[in-house]
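If you read the sequence shown in my numbering, its first letter stands for residue -16, the second for the next number, and so on.
Glycine is no exception: its CB is placed at the ideal position from the N, C-alpha and C atoms.
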Amino acid sequence: MDVNSAVWTVPARAREFGFFVDGQWAEAGDRPMSERKSPAHGVAVTRTVRCTKADIDHAVRVARTAFEDRRWSGLPGGERASVLLKAAAGIRARVEELALLESLESGKPIGQAIGEIEGGANIFEYAAGAARALHGDAFNNLGDNMLGLVTREPIGVVGLITPWNFPFFILSERVPFILAAGCTIVSKPSEVTSATTLLLAEILSDAGLPAGVFNVVTGSGSEIGQALAEHADVDMISFTGSTAVGRSVLLASAGNFKKVGLELGGKNPQVVFADANLDEAADGVVFGICFNAGQCCVGGSRLVVEKSIAAEFEALVAAKMARVRIGDPLDPNTQMGAIVTAAQNATILDYIEAGKREGARLVCGGEAYPSDAGQFVRPTVFADVTREMSIASEEIFGPVLTISTFETFDEAMAIANDTIYGLAASIWTSNLDKATDAFRRIRAGRVWVNTTINNGPELPLGGFKQSGTGREAGIYGVEEYTEVKATHIALGRREPWVS
Ligand code: NDP
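Right, here's the structure in full:
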């Protein structure tokens, strides 16, 4: 959809949602409601239900029944694929509605939101193929009296906890793969960005997904998210969010040893060598930190640049930063929108103050961007950053870039890997040998060469080190939600053990 083909305005009234369990909308009843204000406009845009632990229990029971009676897992992959393709068409048919809600709740630019919704549909289309491609293995080399089979089975009921930064896209990087594997789902979106997850439930239902296979329970992470992670009848948790909450999810999962997939934070390096196309690299670096106002787990927040070109490159980055269009997310020209919550905004501004206090040199930005309503931060660059500074090592999750320099290749790799995280990295060079050497040595789950923040459902994503466990997307993304079963089939007469 062309962003200019519609007029985008803040609706006069907040849209109210129920929650979605067993193939139908559930009413709020006497449960409290949570009101979401647009972080860019300061007016209420959605109201969602604050569900209870009892609602989680009910949704898990529903998902368990739907799994055990094989209404979904028992279908041929081709039939599951057909539902996923219809869902993709359903998403495409509602792009305008979904993108507006996504932009209003998260503060992201409307053009970007359209891209993410359409990107989500594209992932559903890919995963439809994966539903048919999933297969096991056979061992026909065990002798004439034995056949060995390795089959993949859906892992069961999956609890899916997703964050606010890419509510629909991150959801789409998981849901179609989990469904392709044959699992059932209880989804808990971030309380501040629940609308598009709820609409996906309706779209899937309209596409023919059997009742009870995809359920959405809304409310607070610390209450119902925690309850889902602890639940003894959930077989796997897929969690995306902060490393701190990821750790608590891992601990909560120990009760029944459920499998846990974690996609957590990052402090991703942008390594720029002197032989790179500097103008293109600077453009990529600015995009990498300003995209989604820096609230992006794979955002490139650490510029590691070769000393000989550092001054020139810093000036290029600063000049481009000054031209980034910040403002109303509903203006199709906006490139960088609002910060999602007042709390996140305060965190970012606190880090900026820490950078100044700790002695880093402020190159540009360093303050809030003035606005009548909502919260915005100017893209900020700190140079002369040393490893002891908090801005050098902690995930800020805002448009704040740090610069450090290197003189040798080994030094560049040491700085790039000097982090507890290992989610993503970018390398900018015109030398293929150097690029290859670098991508082999960088400890991260996703590496880009002469580009940044590219995606697509074919390639897996996930973290090394404290950035998480498991992989999403690609054929790996379906396998992640399966158990492997080994079966020995004896043929012919049995050699008696009891004589
Ligand atoms: P959280 O980790 O708190 O939130 C992520 C998801 O977890 C949300 O759905 C949240 O629900 C839920 N949640 C919160 N507490 C629990 C819990 N105890 N048990 C189970 N689920 C829970 O991230 P924040 O929103 O607080 O963001 C803080 C930081 O996390 C950011 O600054 C950034 O560093 C990082 N982050 C990383 C993301 C990534 O993509 N890797 C995405 C988002 C954040 P609810 O929102 O309703 O509380």
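Keeping to the same chain, check which residues put their C-beta closer than 8 Å to that of residue i; ignore five residues upstream and five downstream.
i: D52; result: none
Less than 7 Å between the CB of residue i and some heavy atom of the ligand NDP, yes or no?
i: K20; result: no
i: P443; result: no
i: L247; result: yes
i: G238; result: no
i: K171; result: yes
i: F151; result: no
i: C280; result: yes
i: F447; result: no
i: Q209; result: yes
i: G224; result: yes
i: P146; result: yes
i: T435; result: no
i: G460; result: no
i: F197; result: no
i: V43; result: no
i: Q358; result: no
i: S203; result: yes
Closer than 7 Å by C-beta to residue i: which residues in its own chain qualify, once you throw out the five before and the five after it? Chain order, please.
i: P137; result: S56, A164, G165, C166, Y464 and T465
i: I292; result: A257 and L261
i: S188; result: G6
i: I97; result: M(-16), V(-14), V78 and A82
i: V43; result: V140, V169, H214, D216 and V217
i: G208; result: I144 and K171
i: E156; result: I106, E455 and A456
So residue i is in the beta strand (DSSP E); what residue range does that whole segment cover?
i: L384; result: V383 to F389
i: P522; result: Since the displayed the chain opens at -16 and closes at 482, residue 522 lies outside it and no answer follows.
i: G244; result: K242 to E246
i: R344; result: R344 to C347
i: G142; result: V140 to I144
i: V307; result: Neither: V307 is in no beta strand (DSSP E) and is coded neither H nor E.
i: R429; result: R429 to V432
i: F122; result: D120 to F122
Take the Cβ of residue i as the centre, count every other Cβ of all protein chains shown within 10 Å, and call the residue buried at 16 or more, exposed below.
i: A302; result: exposed
i: P479; result: exposed
i: L234; result: exposed
i: I472; result: exposed
i: F240; result: exposed
i: D355; result: exposed
i: T31; result: buried
i: V4; result: buried
i: H214; result: buried
i: T232; result: For the record, residue 232 in the displayed sequence is Val; it is not Thr. With 16 or more other Cβ atoms within 10 Å, it is buried.
i: D38; result: buried
i: G311; result: Residue 311 is actually Asp in this sequence, not Gly. Classification of D311: buried, given that the 10 Å Cβ count is 16 or more.
i: A264; result: buried
i: L211; result: buried
i: N316; result: exposed
i: V467; result: exposed
With DSSP as the reference, please indicate the residues paired to residue i in a beta bridge.
i: V255; result: V288 and W411
i: A70; result: Answer is none; A70 lacks a bridge partner.
i: P15; result: Partner(s): none; P15 has no beta bridge.
i: H471; result: G131
i: R(-2); result: T29
i: N198; result: V169
i: G283; result: N251
i: D218; result: DSSP, once it has assigned bridges, lists no residue as partnering D218.
i: T465; result: P137
i: F380; result: Partner(s): none; F380 has no beta bridge.
i: G405; result: F447
What residue range does the alpha helix (DSSP H) around residue i cover?
i: T226; result: T226 to A235
i: T180; result: A178 to D189
i: D333; result: A325 to R340
i: T48; result: K36 to E51
i: G238; result: First-last for G238: undefined, no H or E at that position.
i: D262; result: L261 to C273
i: V78; result: V78 to S89
i: D393; result: F392 to A399
i: V158; result: V158 to A164
i: Q95; result: I93 to A116
i: A9; result: First-last for A9: Q7 to A9, but that is the beta strand (DSSP E), not the alpha helix (DSSP H).
Looking only at its own chain, which residues have a Cβ that is under 6 Å from the Cβ of residue i, when we skip the five neighbours before and after it?
i: D420; result: none
i: F160; result: A110, G460 and V461
i: T179; result: L81, L84, E85, P150 and F151
i: N415; result: Checking the sequence shown, residue 415 turns out to be Leu, not Asn. Around L415: no qualifying Cβ.
i: M396; result: R424
i: T385; result: R285, F365, V368, I374 and A375
i: T470; result: L132
For residue i and chain B, any beta-carbon pair shorter than 8 Å?
i: S188; result: Given the protein chain composition of this structure (a single chain), no chain B is represented.
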